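Here's the structure we're looking at; comments come further down.
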Amino acid sequence: MQNKTIKYSDLLADWLKERGYTHCFYVAGGNIMHILASVNRHFKCVSVVHEVAAGIAAEYFNEISTDGKAFALVTAGPGLTNIVTAVAGAYLESRELLVIGGQVKTADLCRQQVRQRGIQEIDGVDIVKPITSKSVLMDSLISCEEFNRIIDAGVTGRKGPVFLEIPLDIQGAPVDANDPICQFHSSEKLAFPAIGAAEIQRLIDDVRSAKRPFLLIGAGVARQTVEQIYDALEPMGIPLATTWNSADRVAADHPLYFGRPNTWGQRYSNLLMQQADLLIALGTRLGLQQTGFNWQEFVPKGRVVQVECDPTELSKGHPRVDCGLQGDANQVLQALASASLGDHAEWVAYCQKVKAELPLIEPINNTAENYVSPYDFVSRLSVHCRETDNVIPCSSGGAFTVMMQTFAQQRGQHIVTNKGLASMGYGLSGAIGAAFAYPQRRTILVEGDGGFAQNLQELGTVAVNKLNLKIFIFNDNGYASIRMTQRNYFNGAYIGCDQSSGLGLPDWLTLFKAFNLPCIKLDANFEQDPNFQRLFASDEPAGFVVPIDPEQTYFPKITSRVTETGSMQSNPLHQMTPDLDEHLYSVVAQYLQ
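Note that the working numbering has the sequence shown beginning at 7, numbered continuously upward.
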């Protein structure tokens with residue numbers, strides 16, 4: 007029998023295809039030339055301008071897609087260092103992200119004996135090892151079975167990034183097609199440990215006996231799970247809220263939906279969660295953004311039950327967890343949805359009363375003349391969105407805060423953000439990934455001008471691919487959150503937060519024009535503008551500049567103060583600034599007094 011050889015990179019591409027990958031976001035480079043040629047045969051390959059965009063786009067694609075997966079492909083050296091931010095973000099949010107990196111030939115590897123031997127050589131594996139589920143230098147040919155074990159590290163249990171670094175000679179190595187190394191092996195995905203029936207029954211009994219149970223749904227609960235039991239949520243009779251990363255699990259108009267609690271959350275939502283006598287936290291690690299920095303006063307009058315796949319999150323000690331269940335939050339929610347949980351109508355009525363008493367848009371927020379109130383704008387924009395839209399509310403700053411406090415999500419929408427790293431510059435790249443994951447949907451991005459500027463080069467990716475992407479830039483001349491911090495804690499001594507203090511930003515209309523993309527400036531009556539109506543309804547990319555007051559205030563918020571020792575001390579979640587008047591507080595904080 008005549009031997010037939012196959013290039014090893016072709017074999018790797020075949021294995022990726024068998025694992026369900028459909029898209030590759032990449033920046034071309036010499037040290038990935040074999041892999042790039044191979045994956046181009048199988049996948050939709052999307053060329054981006056900067057590697058960090060490849061990682062973010064792949065993360066967001068995987069977060070919402072139900073039909074295919076994406077990976078990022080980068081070259082050695084700067085290709086790897088440029089994507090580190092995206093790897094870190096996916097790690098903190100426990101999201102799937104496969105990054106394949108090139109490397110110099112094995113003979114040119116310095117092996118930590120000298121600083122560098124090969125051109126562009128740098129030890130990518132050790133750089134990202136602390137922020138990956140698995141980081142491997144593939145300096146020899148491996149079997150499909152071993153390849154699957156590496157990739158599975160990022161999708162088994164708590165998800166996370168995987169980095170696979172492949173030297174150039176390994177990529178291009180010829181392999182005998184009859185060699186056992188070429189045999190395909192299916193991946194066996196391991197399930198979460200099952201939570202025992204007795205433990206679930208105790209939880210059901212606890213809900214029945216509780217006076218004020220409250221359900222907090224995190225991103226560990228899948229969209230598909232919530233959709234399957236959606237009609238059962240109301241009969242459960244329990245008030246529920248979502249974390250910011252699971253904002254699209256329940257529609258804002260659901261009768262039992264009570265917001266998104268957070269350090270920058272909705273005031274009524276924070277107050278209600280804090281008044282629970284039993285909080286069931288499903289699929290959320292209960293980090294400091296969720297509990298507040300003053301975690302000692304998280305749910306001060308109640309018991310906390312946390313369902314998490316990671317045992318270290320259950321035992322970390324903050325916040326206090328009275329009952330930690332390691333396992334699949336989806337299993338627990340499905341069990342609760344099929345059980346009889348008792349009558350909590352009085353508590354639900356109280357929650358509805360508090361929600362009605364505390365409007366989302368605080369009257370204390372000031373917007374100067376000739377500017378658009380960001381809160382009013384987001385509230386109105388959400389009305390004009392479709393239930394099939396992808397919504398990307400960036401990941402930091404004033405625009406992010408306003409979106410998460412005000413946007414009214416609809417059932418069927420996909421909302422993705424990355425709040426763990428809270429990095430500027432995530433919005434546009436994430437929106438590109440979402441637009442490729444669902445090209446039949448419209449994708450809507452809302453991002454501040456400072457954050458948008460950090461990856462504005464990806465407008466080229468938007469333009470060349472003609473993405474159905476609507477980009478709203480909150481133009482407030484800089485970094486709103488940094489400016490606010492410097493104003494509040496350093497008497498307005500601005501440093502590097504706007505143009506007057508040294509930050510250079512473009513003229514946005516001119517920038518979009520350079521990429522041959524339409525862009526218009528909006529005002530407070532944007533809905534009546536025929537140009538807005540036309541561009542927003544079209545299937546083509548478009549930009550919208552929203553003039554935001556540089557001195558815009560952002561309330562409510564958790565206030566911190568600098569102590570005599572220089573440390574920060576924060577209020578608990580239920581004491582947001584500005585303070586409520588004494589009578590109103592007595593009405594909406596009845597169980598905290």
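We treat Cβ as the ideally placed atom computed from N, Cα and C, and that holds for glycine. Please read all numbers here as calculations on a predicted model, not as lab measurements.
| Asked | Found |
| --- | --- |
| Of the residues V552, A530 and N471, which one's Cα is nearest the Cα of N522? | N471 |
| Is M7 helix, strand or coil when you go by DSSP? | In this predicted model, M7 has a pLDDT of only 45, less than 50, meaning its place in the structure is not dependable enough to derive any value. |
| Please report the Cβ distance between V110 and E127, rounded to the nearest whole angstrom; I am assuming they are in contact, meaning their Cβ atoms lie under 8 Å. | 5 Å |
| Beta carbon of T138, beta carbon of V93: below 9 Å? | yes |
| Please go through the same chain and pick out, in chain order, the residues whose beta-carbon is closer than 7 Å to the beta-carbon of I206, but skip the five residues on each side of it. | V338 and A341 |
| Is the separation between the beta-carbon of R447 and that of D395 shorter than 9 Å? | yes |
| With distance defined between alpha-carbon atoms, name the residue in W21, N46, V54 and K23 nearest to E464. | V54 |
| Please state the DSSP three-state secondary structure of P584. | coil |
| So, does the stretch 281-295 touch the stretch 220-227, judging by three or more C-beta pairs under 8 Å? | yes |
| Suppose the cutoff is 7 Å on Cβ atoms and the five residues either side in sequence are ignored; what does the same chain contact list for C51 look like? | C30, Y32 and V45 |
| So, with DSSP's three-state summary, where would you put F542? | helix |
| Cβ of F153 versus every heavy atom of the ligand ATP: is any distance shorter than 8 Å? | This structure simply doesn't include the ligand ATP, nor any ligand for that matter. |
| Express the C-alpha separation of L434 and S401 in angstroms, rounding to a whole number. | 10 Å |
| Determine the contact status of T3 and D555, defining contact as a CB-CB distance below 9 Å. | Because the chain spans 7 through 599 in this model, residue 3 falls outside it and cannot be assessed. |
| If you count every other CB in all the chains shown that lies within 10 Å of the CB of M7, and 16 or more means buried, which is it? | A caution first: M7 carries a pLDDT of 45, below 50, which makes its placement in the model too unreliable to give a value. |
| How about E65 and N424: do their beta carbons lie closer than 9 Å? | yes |
| Pull up the DSSP beta-bridge partners for T248, would you. | I223 |
| Report the residue from I12, K10 and E102 whose alpha carbon sits nearest the alpha carbon of Y27. | E102 |
| So for T559, helix, strand or coil by DSSP? | coil |
| Quick check: the Cα distance between T565 and N494, rounded to an integer number of angstroms? | 10 Å |
| Do you know offhand how far L196's Cα is from Q189's? | 22 Å |
| DSSP three-state call for S576: helix, strand or coil? | strand |
| How is the alpha helix (DSSP H) around I390 delimited, first residue to last? | First, the residue type needs correcting, since residue 390 is His and not Ile in the sequence shown. Counting along the chain, the alpha helix (DSSP H) containing H390 begins and ends at P380 to H390. |
| Under a three-way DSSP split, which group does E171 fall into? | strand |
| So, under 8 Å CB-CB, V227 and R255 are touching, yes? Tell me the CB distance rounded to an integer number of Å. | 6 Å |
| The alpha helix (DSSP H) that contains E240, what's its start and end? | Y236 to M242 |
| Alpha carbon to alpha carbon, how far is Q280 from L239? Give it in angstroms, no decimals. | 21 Å |
| Rounded to the nearest angstrom, how far is the Cβ of E533 from that of R386, given a contact under 8 Å? | 7 Å |
| For E303, collect the residues of the same chain with a Cβ closer than 6 Å to its Cβ; drop the 5 residues on either side in sequence, then sort them by chain order. | P578 |
| Report, in whole angstroms, the separation of the C-beta atoms of E171 and G107, which I expect to be a contact under 8 Å. | 5 Å |
| What residues match up with E453 in a beta bridge as DSSP calls it? | I479 |
| In three-state DSSP terms, what is S139? | coil |
| Residue ranges of each alpha helix (DSSP H) run of no fewer than 4 residues wholly in the stretch 453-533, ordered along the chain? | 455-459, 465-471, 486-495 and 514-520 |
| How many angstroms separate the CA atom of F518 from the CA atom of F383? | 22 Å |
| Give me the Cα-Cα distance between S592 and N268, rounded to the nearest whole angstrom. | 22 Å |
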